[in-house]
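Engineer: I have a structure I would like to understand better, so I am pasting it below and will then ask my questions one at a time.
Chains as they are written, first to last, in my numbering: chain A, 12 to 310; chain B, 35 to 338.
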């Protein structure tokens, strides 16, 4: 299994993070503690600075943003309203959601099935297929998109959900992640199940899937984030104003800056685009840590 | 023994069914395009995309020796050197800083993780609004402007000396959340006893950091390094949004990926040249992966 430490929540911390902590930390004199808070606060300020200025710039009328850029004055929600309508962000959030949900659901399904085959089924040329799957991990996305764009174009799927989602419906990464877990199922368990007349479909449902559920959660979040954050691919196959994702929609909004007085409309758009993912990550922080560290853990 | 044959066949058919969906997608959208790109990249056409002839390997050596490719490769390497070591060091620094038993540390962990929620488009636009000369926050903050006139004229993103550095800054910031989370998870998996026994032996905090923390973290740091390197070599969105490969005429931020796909790129409308560069990018990344895996084998200390 993935190491338990990787499953500890990081965002928001845990109350019992270092329950047995005595000795090193507790003998620290008070002033050193204060010093540490000062350093922490300073670094936190630096990390948050771009987020703070972005928020502030989107809450002021365009003409007022650079008067006193770091002080909250003349606050208004009008710019958000403009960004929502002019940027067609409702439509683009919907597009992104549809694509990311479809990609996530498909990646989970295809990964579970192929991982099960590699871990628990016997078939000819297994080693060959395994190496082939492994090899696809080495191919950078950027080396395939020229041809993939042609393929999608030939099929008439530019500017469509199919085009956006299709190349990402399977993932060798997910296959390997789940295969590692499936491999830990003891042979005896499978043999016993077989004696009881439980076929592979039943075994997958009753034994393998429950075992893999935590990993599946991490993979789901990872897939969703990757699909949601796609930038280059939707840029290559989208020209229709209705079919942009949030990411390429932001690009469009930024390139159509209206007039100089309202130049902060795309800034507000950026905030709107970031909010759903921030929310998703706060809810699924446990899966996030597992998902991000998955590659770092020995199987 | 009689059921053995049919069962084997049934199992193989089931495997075909299970593997089929993944195999079709990966075959159509990873393996086929890779092969097709290698073939396309070997072709040489005229400006109208006609009269193509297959140049074979020579086409690749020609492209590899071209001024544009060598420039983009150099920019990409510089970009990786600007983002990877800084990204690892900052992530490690933040993680060590926040790895304490302090009241309210959860808040700081949340802050340090926060940039993981920004996509490349979101992060890049945030930095664009900070850095642009006319209406950007930095350019219109008096003391920064006095200290560093370049923020206003021509602007950090428009000066060939600072453009790549500025894009790198935005990229390091955007990756900080990821690095922090992964390194923190790595820190928490170091057995507490190792620190305590080093402490009892009288090791200073610095020596505990260099002799316990860093060696125990080396697999994590290598993983972070590999991910950040591949992100640097695949950087596209931040360049598209912040500089469009410019400032021209030096093309100071035209990386390999931007050379292939960038709207202002010289090869943008030539699928053959795009493919050649794409294959060369793949090749460069393969070499890098091989080097990094060697590092993994020889220098990494695995705990337990």
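Cβ coordinates follow ideal geometry from the N, Cα and C atoms, glycine included.
Identify every run of the beta strand (DSSP E) within the stretch 178 to 256 of chain B, keeping only runs that are complete inside it and at least 3 residues long; order them along the chain.
Structural biologist: Listed in chain order, there is nothing to give.
Engineer: Specify the secondary structure class of residue 121 (chain A) as computed by DSSP and reduced to three states.
Structural biologist: Helix at residue 121 (chain A).
Engineer: Under 8 Å: do the stretch 176 to 184 of chain A and the stretch 262 to 276 of chain A share three or more Cβ pairs, one atom per stretch?
Structural biologist: The stretch 176 to 184 of chain A vs the stretch 262 to 276 of chain A: no contact.
Engineer: How many Å lie between residue 173 (chain B) and residue 182 (chain A) at the Cα?
Structural biologist: For residue 173 (chain B) and residue 182 (chain A), the distance between alpha carbons rounds to 44 Å.
Engineer: What is the residue span of the alpha helix (DSSP H) that residue 164 (chain A) lies within?
Structural biologist: 156 to 165 is the span of the alpha helix (DSSP H), which, as asked, contains residue 164 (chain A).
Engineer: Using a C-beta to C-beta distance shorter than 9 Å, which residues of chain A count as neighbours of residue 268 (chain B)?
Structural biologist: Residues of chain A passing the Cβ test: 151, 152, 153, 243.
Engineer: Given that a residue counts as buried once 16 or more other Cβ atoms are within 10 Å of its Cβ, and exposed if not, what is residue 99 (chain B)?
Structural biologist: Counting Cβ neighbours within 10 Å, residue 99 (chain B) comes out exposed, since fewer than 16 surround it.
Engineer: Counting Cβ pairs closer than 8 Å, one from the stretch 279 to 295 of chain B and one from the stretch 320 to 331 of chain B, do we hit at least three?
Structural biologist: With a cut-off of 8 Å, the stretch 320 to 331 of chain B and the stretch 279 to 295 of chain B do not count as touching, because too few Cβ pairs lie within range.
Engineer: Contact criterion: CB-CB distance below 8 Å. Does residue 135 (chain A) meet it with respect to chain B?
Structural biologist: It does: the Cβ of residue 135 (chain A) has a partner Cβ on chain B nearer than 8 Å.
Engineer: Whole angstroms are fine: how far does the CA of residue 224 (chain B) sit from the CA of residue 131 (chain B)?
Structural biologist: Their Cα atoms are separated by approximately 16 Å.
Engineer: Got a sec: is the Cβ-Cβ distance from residue 237 (chain A) to anything in chain B below 8 Å?
Structural biologist: For residue 237 (chain A), the answer is no, since every Cβ of chain B falls outside 8 Å of its Cβ.
Engineer: Please decide whether residue 225 (chain A) counts as near chain B, where near means a Cβ-Cβ distance under 8 Å.
Structural biologist: No, no contact with chain B.
Engineer: Looking at the structure shown, is residue 104 (chain B) part of a helix, part of a strand, or coil, going by DSSP?
Structural biologist: Here residue 104 (chain B) sits in helix by DSSP.
Engineer: Tell me, please, whether the CB atom of residue 125 (chain A) is closer than 8 Å to any CB atom in chain B?
Structural biologist: At least one chain B Cβ lies under 8 Å of residue 125 (chain A).
Engineer: Is there contact between the stretch 251 to 269 of chain B and the stretch 198 to 209 of chain B, where contact requires at least three CB pairs shorter than 8 Å?
Structural biologist: Judged by Cβ distances under 8 Å, the stretch 251 to 269 of chain B makes contact with the stretch 198 to 209 of chain B, as three or more pairs qualify.
Engineer: Could you tell me whether the stretch 242 to 258 of chain B touches the stretch 122 to 129 of chain B, where touching means 3 or more Cβ pairs closer than 8 Å?
Structural biologist: Because the criterion of three Cβ pairs below 8 Å is met, the stretch 242 to 258 of chain B and the stretch 122 to 129 of chain B touch.
Engineer: So, at 6 Å on beta carbons, what are the nonlocal neighbours of residue 194 (chain A) in its own chain, with the 5 sequence-adjacent residues on each side left out?
Structural biologist: So the list reads 130, once near-sequence residues are dropped.
Engineer: Do the CB positions of residue 203 (chain B) and residue 197 (chain B) come within less than 8 Å of each other?
Structural biologist: No, the Cβ-Cβ distance between residue 203 (chain B) and residue 197 (chain B) is not below 8 Å.
Engineer: Apply the 10 Å Cβ neighbour rule to residue 274 (chain B) and answer buried if 16 or more other Cβ atoms are within range, or exposed otherwise.
Structural biologist: With 16 or more Cβ atoms within 10 Å of its Cβ, residue 274 (chain B) is classed as buried.
Engineer: Straight-line CA distance for residue 245 (chain B) to residue 255 (chain B)?
Structural biologist: Using only the alpha carbons, I get a separation of about 15 Å.
Engineer: Out of curiosity, what's the CA-to-CA distance linking residue 108 (chain A) and residue 273 (chain A)?
Structural biologist: Rounded to whole angstroms, residue 108 (chain A) to residue 273 (chain A) spans 28 Å at the Cα level.
Engineer: Tell me which residues of the stretch 282 to 316 of chain B have at least one Cβ-Cβ distance to chain A shorter than 7 Å, keeping chain order.
Structural biologist: The stretch 282 to 316 of chain B vs chain A, Cβ under 7 Å: 291, 294, 295, 305, 308, 309, 312, 313, 315, 316.
Engineer: Please report how far the alpha carbon of residue 316 (chain B) lies from the alpha carbon of residue 88 (chain B), in whole angstroms.
Structural biologist: Cα-Cα distance, rounded: 20 Å.
Engineer: Would you check if the distance between the CB atom of residue 94 (chain B) and the CB atom of residue 313 (chain B) is smaller than 8 Å?
Structural biologist: Their beta carbons are under 8 Å apart, which means residue 94 (chain B) touches residue 313 (chain B) by this criterion.
Engineer: Using DSSP bridges, identify the partner residues of residue 77 (chain B).
Structural biologist: Paired residues: B:88.
Engineer: Three-state secondary structure (DSSP) at residue 330 (chain A)?
Structural biologist: An answer regarding residue 330 (chain A) cannot be provided, because it is not within the stretch 12 to 310 covered by chain A.
Engineer: Please return the same chain residues whose Cβ sits closer than 7 Å to the Cβ of residue 33 (chain A), not counting the five positions on each side in sequence.
Structural biologist: Reliability of the predicted coordinates at residue 33 (chain A) is poor, the pLDDT of 45 falling under 50, and no value is obtained from them.
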